[in-house]
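So the sequences go chain by chain: D and A.
Convert by adding 701 to the 1-based position in the first sequence; the result is the number in our numbering.
Convert by adding 733 to the 1-based position in the second sequence; the result is the number in our numbering.
Ideal Cβ placement from N, Cα and C applies to all residues, glycine included.
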Amino acid sequence: MAELLTLSLRERPVTVENFLRVLTGRLPPSTPRSKRLLSDDRSNILIYLTGHGGNGFLKFQDSEEISNVELADAFEQMWQKRRYNELLFIIDTCQGASMYERFYSPNIMALASSQVGEDSLSHQPDLAIGVHLMDRYTFYMLEFLEDIHPASKTNMNDLFKVCPKSQCVSTPGHRTDLFLRDPGSVLITDFFGSVRKVELTMDAINLTDPIKQMEEDPVNGEEQKEVYSYADQLPVSEIIHQKPKQKDWHPPDGFILGLWTLILLVFFKTYGIKHLKHIF
Amino acid sequence: MEAAHCQPPPREKWLLTEELVIRPLHSGDIYASFQFRTLWDTDFMRENKVSHYRLFPKSLGQVISKFSVRELHISFTQGYWRTMQWGQPFIPSPPGAELWVWFQDSVTDVDATWKELTNVLSGIFCASLNFIDSTNTVQPSASFKPLGLGNVTDHSFLRYATLPREIVCTENLTPWKKLLPCGSKAGLAVLLKSEKLFHSSFHSQAVHIRSVCQDWQCKTTSWELRQTLNSVFDLHNSGQTKREWSLFKMFSRTLTEACPLASSSKLYIDITDNPQGEQFELSPATSLLSQAVVLGDRRTFSVYDLTQETTFGTVRSLNLLIRWKSNEGEMLRPLLHAERYVAGYGLQTGEIHTLMYNNHPYRSFPVLLLDSVPWYLRLYIHTLSVTSKGKDNKPSYIHYEPSKDRVKPHLLEMLIQLPPNSVTEVTVQFERALLKWTEYPPDPNHGFYVGSSVISSLVPSTVAMHTNSTRERPLFSSFFPCKEESSYFVRIYTEPLLVNLPTPDFSMPYNVICLTCTVVAVGYGSLYNLLTRSFQIEEPNPGLAKRIANVIRRMRGVPPL
């Protein structure tokens, strides 16, 4: 069954370590299912990264970077553990093509907004806030994708043509040598949308026997004569007379002092009082 | 009072009630409070597992049975509740995320269960609750008594944690709405659209699970799930020129039907300050009126019953309109109100001041102050001072648990009697710690948050409160159980604090590496050279003129130069 899984990590959990852990699946056992990438060898994964970057790295949260080597190794781990069938990697940063140079796992197709040595530029500023809202490559790609509907037959070659140099100022690049299929035969909807296959059938299907409703125990009013009541929200007298519970056992006061006095006394008794004047 | 000869209707196993209370505030803002309550007569603690969930969400039911939860309260709030301008909220909540849970006494390792529970809840509500660990969890010793049924109150089964930095957004609203039986498709929940809800001054959504009495005899219990959403819409923020509110303006939707699964679906408008209609005008008019005693005051409400077809009129939709006529009117001053701030200068020391105002003219009442301060603000408890009206006010109960670096926070609980018509000031000095350089978040100069203080109090009430908890009451008046008639329980939260910690120079590791490598290279390199270089004497190469002269001398047979 085709399922669209979207994970959301927000703000502080978005570090390089967490990102790689989500990709490779090496998460602590208490992580809830909604924060895991539950993909298998029939899943197509789309990874889209944007932000500031450079030759061989992408910045995360202004304090750390992820390098192209780390990313390539993470993808290889995913391939070895059969965590993806096909992977589409789109990156919109400065010198984005450097990020996909190091990939070596099969079935990865990569697109970048700029080549090594070029900068990716942003699209338009918002005059009310004073910052740029979107990058050019992302803007034109979004424009292109808005025309795609779930039954569309457009293939990857059209995606490679998005945002030529005249619109983007930088030269977008792509890498398909690791992909086993011909990019012309890969539909965009393989990665960007999921269509559930519905099978219609006219046959009758036998269901299992209906589950018998359990006989409710007769209200055991005979056993539970206990009347419940709500707790007092601020029982002042109870609180004042509450004794604090000490969790750890500490030796009574003065015990340590007495112990040391005993040790010193025994020492001086054995070795003679003449040592005392060296101490005091 | 409840006639014993009057047969109550046969109790349904599941019961859903939804209500929306709209209270126009004096500043022209509107306070809207949604409450959805599901009652379920079942026992999670039985051996045979519960498997048929109808109105109660399965995800929460499984959480309750797996982690042996007795009571669970979780809230997500964006914004701070301004008590002086808006009065008291029906359901109080601190900014950020807050979670407090009472476990059953059958739980052996409460801390491990707490950790698992927070992870599961962070998955259900799409929030970063997995950041709750021992450094921000406390075990209050007197506050946060259970709001549901139960005779045993051993505080070792209680855990309280707050994340003041947590942001609430659409991502949290969507799973919250999914827990409702009707979702956001019918009933009052159709109004919950995120574009308008988050465009407000205050937004708080919460889930409260507890066990309540099934009937007046209270021999059997049922589970109650309350989902509450409080919102304050700002007049000026929404760019309105006229002081006029309608459901469409607030929520960009109107009501068309009640949730079919709900047994009661009502809309209450607070018209206490508007008895003759001189403050504001309400349309469409309704004849249903109801009175309720809530927060120590008797309030009058106009009621719109959404289960009746006539409420929606001929247009089949209800778009309530509130038009303000005059600006007069004083708001009732809240009897209890608190503030908190950090004083001091520099990045080494500081002082936390908490001010509690008792505005009652002649009655004094006790308050229980709970402060949970992170370990990196080292409190000096010997400087703790509580003063009222300039004189020292000794608390009748103090519980202090010191912090342990990187393990647990400070916990300070005090029971203080506030004298009438006074300001009580609690001050404590602290020193800021220098963290390890990897412990700083990516934006260390933003500051570190200290969670809100919680002030629980029994405030004297002007009207007699209803102590019979099983009478059919609107949801907004039955949240806190009432034990006596002359006072009501209230919990208020102060502002969270934002404290700057001294930050190290984050480029130092790079500098150290460069310097060390240079020193080692230069120092060791030179020393190695000196020790291992061997010197050979070499004849200097004579100049060209001398060489030619030597050649000529050799030819002449004369010794060379």
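6 Å Cβ shell around residue i - same chain, five flanking residues per side excluded
{"i": "valine 717(D)", "result": "Phe761, Glu765 and Ile767"}
{"i": "leucine 1021(A)", "result": "Val1036"}
{"i": "isoleucine 1004(A)", "result": "Thr1033 and Ser1035"}
{"i": "histidine 875(D)", "result": "Leu812 and Phe861"}
{"i": "isoleucine 791(D)", "result": "Tyr749 and Leu812"}
{"i": "leucine 854(A)", "result": "Leu862"}
{"i": "leucine 962(A)", "result": "Phe767 and Gln938"}
{"i": "histidine 806(A)", "result": "Trp833 and His941"}
Contact set between residue i and chain D, taken where Cβ atoms lie within less than 7 Å
{"i": "valine 1187(A)", "result": "Under the 7 Å cutoff, chain D gives no residues; its nearest Cβ is about 12 Å from valine 1187(A)."}
{"i": "glutamate 849(A)", "result": "Ser731"}
{"i": "lysine 910(A)", "result": "Neighbours of lysine 910(A) on chain D: none; closest Cβ ~16 Å, over 7 Å."}
Whole-angstrom distance between residue j and residue i, CA atom to CA atom
{"i": "aspartate 1138(A)", "j": "glycine 955(D)", "result": "27 Å"}
{"i": "leucine 1000(A)", "j": "phenylalanine 1045(A)", "result": "12 Å"}
{"i": "glutamate 704(D)", "j": "glutamate 849(A)", "result": "A caution first: glutamate 704(D) carries a pLDDT of 43, below 50, which makes its placement in the model unreliable, though a value can still be read off. C-alpha separation (whole angstroms): 27 Å."}
{"i": "threonine 1120(A)", "j": "serine 867(A)", "result": "32 Å"}
{"i": "aspartate 776(A)", "j": "arginine 803(A)", "result": "11 Å"}
{"i": "glycine 894(D)", "j": "serine 1211(A)", "result": "47 Å"}
{"i": "leucine 960(D)", "j": "tyrosine 972(D)", "result": "19 Å"}
{"i": "phenylalanine 800(A)", "j": "lysine 878(A)", "result": "19 Å"}
{"i": "leucine 739(D)", "j": "asparagine 905(A)", "result": "21 Å"}
{"i": "phenylalanine 931(A)", "j": "tyrosine 786(A)", "result": "31 Å"}
{"i": "arginine 943(A)", "j": "threonine 1082(A)", "result": "42 Å"}
{"i": "glutamate 1084(A)", "j": "threonine 841(A)", "result": "39 Å"}
{"i": "threonine 1195(A)", "j": "proline 1067(A)", "result": "12 Å"}
{"i": "leucine 724(D)", "j": "leucine 881(D)", "result": "22 Å"}
{"i": "tyrosine 805(D)", "j": "arginine 727(D)", "result": "21 Å"}
{"i": "leucine 1145(A)", "j": "serine 815(D)", "result": "56 Å"}
{"i": "aspartate 1030(A)", "j": "isoleucine 746(D)", "result": "58 Å"}
{"i": "isoleucine 964(D)", "j": "proline 952(D)", "result": "17 Å"}
{"i": "alanine 737(A)", "j": "lysine 736(D)", "result": "Residue placement at alanine 737(A) cannot be trusted, given a pLDDT of 47 that sits under 50; what the coordinates show is reported in the next sentence. Whole-angstrom Cα-Cα distance: 54 Å."}
Other residues of its chain near residue i: CB distance less than 7 Å, five sequence neighbours each side excluded
{"i": "threonine 750(A)", "result": "Arg770, Ala995, Ser996, Ser997 and Leu1208"}
{"i": "isoleucine 865(A)", "result": "Leu832, Thr851, Ala894 and Leu896"}
{"i": "leucine 772(D)", "result": "Met800"}
Distance CB(residue i)-CB(residue j) smaller than 7 Å
{"i": "arginine 1165(A)", "j": "leucine 1234(A)", "result": "yes"}
{"i": "alanine 1071(A)", "j": "isoleucine 940(D)", "result": "no"}
{"i": "arginine 803(D)", "j": "asparagine 769(D)", "result": "yes"}
{"i": "proline 825(A)", "j": "proline 897(A)", "result": "no"}
{"i": "tyrosine 1133(A)", "j": "serine 1185(A)", "result": "no"}
{"i": "proline 689(A)", "j": "serine 1220(A)", "result": "This structure gives no information on residue 689(A), because the portion of chain A shown stretches from 734 to 1294."}
{"i": "cysteine 859(A)", "j": "proline 908(A)", "result": "yes"}
{"i": "phenylalanine 1013(A)", "j": "proline 1237(A)", "result": "no"}
{"i": "valine 1161(A)", "j": "leucine 1230(A)", "result": "no"}
{"i": "valine 965(A)", "j": "serine 933(A)", "result": "yes"}
{"i": "phenylalanine 984(A)", "j": "lysine 929(A)", "result": "yes"}
Neighbourhood of residue i by C-beta distance below 8 Å, restricted to the same chain and skipping five residues each side
{"i": "serine 889(A)", "result": "Val843 and Gln872"}
{"i": "serine 853(D)", "result": "Leu888, Ile889 and Thr890"}
{"i": "asparagine 1154(A)", "result": "Asn1091, Asn1092, His1093, Pro1094 and Tyr1095"}
Option nearest residue i by Cα separation, candidates the options
{"i": "proline 1152(A)", "options": "Asn1092(A), Gly1079(A) and Met1288(A)", "result": "Asn1092(A)"}
{"i": "glycine 812(A)", "options": "Thr851(A), Lys799(A), Glu899(A) and Pro1177(A)", "result": "Glu899(A)"}
{"i": "arginine 1049(A)", "options": "Asp1038(A), Gln960(A), Thr989(A) and Ser1105(A)", "result": "Thr989(A)"}
{"i": "leucine 1117(A)", "options": "Met1147(A), Lys1141(A) and Tyr1090(A)", "result": "Met1147(A)"}
{"i": "aspartate 1038(A)", "options": "Leu962(A), Leu1112(A) and Leu921(A)", "result": "Leu921(A)"}
{"i": "arginine 1206(A)", "options": "Asn884(A), Val1027(A) and Arg892(A)", "result": "Val1027(A)"}
{"i": "serine 1189(A)", "options": "Trp978(A), Gly1180(A), Pro1107(A) and Val1100(A)", "result": "Val1100(A)"}
{"i": "leucine 759(D)", "options": "Thr794(D), His833(D) and Thr877(D)", "result": "Thr794(D)"}
{"i": "histidine 753(D)", "options": "His942(D), Thr962(D), Ser823(D) and Lys970(D)", "result": "Ser823(D)"}
{"i": "cysteine 951(A)", "options": "Tyr931(D), Leu908(D), Pro911(D) and Asp910(D)", "result": "Tyr931(D)"}
{"i": "serine 979(A)", "options": "Arg1266(A), His941(A) and Ile1055(A)", "result": "Ile1055(A)"}
Within chain A, the residues that residue i reaches when beta carbons sit closer than 7 Å
{"i": "alanine 932(D)", "result": "Lys878, Pro879, Gly883 and Thr886"}
{"i": "lysine 736(D)", "result": "Gly856"}
{"i": "serine 764(D)", "result": "Pro1175"}
beta-carbon residue i near the ligand GDP non-hydrogen atom, thresh 6 Å
{"i": "proline 936(D)", "result": "With respect to small molecules bound, the structure shown includes none, and the ligand GDP cannot be examined in it."}
Listed by chain order, chain A residues near residue i by CB distance under 8 Å
{"i": "leucine 935(D)", "result": "Lys878, Pro1099, Leu1101, Ser1189, Ser1190, Leu1191 and Phe1222"}
{"i": "valine 928(D)", "result": "Gln950, Cys951 and Lys952"}
Under 8 Å from the C-beta of residue i: neighbouring residues of chain D
{"i": "tyrosine 1130(A)", "result": "Ile940, Ile941 and Gln943"}
{"i": "lysine 1137(A)", "result": "None at all; the shortest Cβ gap to chain D is about 12 Å."}
{"i": "lysine 1216(A)", "result": "Tyr931, Asp933 and Gln934"}
Where residue i meets chain D, residues with beta-carbon distance less than 9 Å
{"i": "leucine 1148(A)", "result": "Leu935, Val937, Ile940 and Ile941"}
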